[in-house]
Amino acid sequence: MAWFWLILAGLSEMLGVTFMNWALSRHRSGLWVTMVVAFAVSFGGLELALQTLPMGTAYAIWTGIGAAGGVVTGMLFFGESRDWRKLLWVAVILSATIGLKLVA
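Set out below in structure tokens:
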């Protein structure tokens, strides 16, 4: 169950950053509320995952999901560069995340 919470936490982190970017560009207060809820779910899920998983592993995976998700979201929704080198490093982050899952 800890892995479920950790993946949920990472995805919520990605959503929080996405809603932060939308809130900054659209100036709508509802987006700020959604951002705060997403970050609360993220930290709550990380807390639940840390009850079972080693801190270093959980934190690395949490940040990896958030970072890779943020890059992909930026490309899909905010017109950020889709340079192949950026995609290569996102693949490295995802590979490292999977590797940590396999050895944890």
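Residue numbers (our numbering): 259 to 362.
Idealized CB from N, CA, C, for every residue including glycine.
| Query | Result |
| --- | --- |
| Cβ neighbours of Leu273 in the same chain (closer than 6 Å, five flanking residues each side left out) | Ala296 |
| Cβ neighbours of Thr331 in the same chain (closer than 7 Å, five flanking residues each side left out) | Met272, Thr276 |
| Contact set for Leu289: own chain, Cβ-Cβ below 7 Å, skip 5 residues either direction | Phe277, Trp280, Ala281 |
| The segment 329 to 346 touching the segment 301 to 316, judged by at least three CB pairs closer than 8 Å | no |
| Close beta carbons around Gly324, own chain, < 6 Å, minus the five adjacent residues each side | Gly268, Glu271, Met272 |
| Inter-residue spacing [alpha-carbon to alpha-carbon] between Gly303 and Thr321 | 13 Å |
| Cβ-based neighbour list, Met293, same chain, cut-off 7 Å, excluding 5 preceding and 5 following | Gly274, Phe277, Met278, Ala281 |
| Simplified DSSP state of Thr310, which is helix, strand or coil | coil |
| Option nearest Gly361 by Cα separation, candidates Arg284, Ala316, His285, Arg286 | Checking the displayed sequence, the identity of residue 361 turns out to be Val instead of Gly. Val361 has its Cα closest to that of Ala316, out of Arg284, Ala316, His285, Arg286. |
| Every unbroken alpha helix (DSSP H) inside the segment 286 to 331 [4 residues or more] | 287 to 308 |
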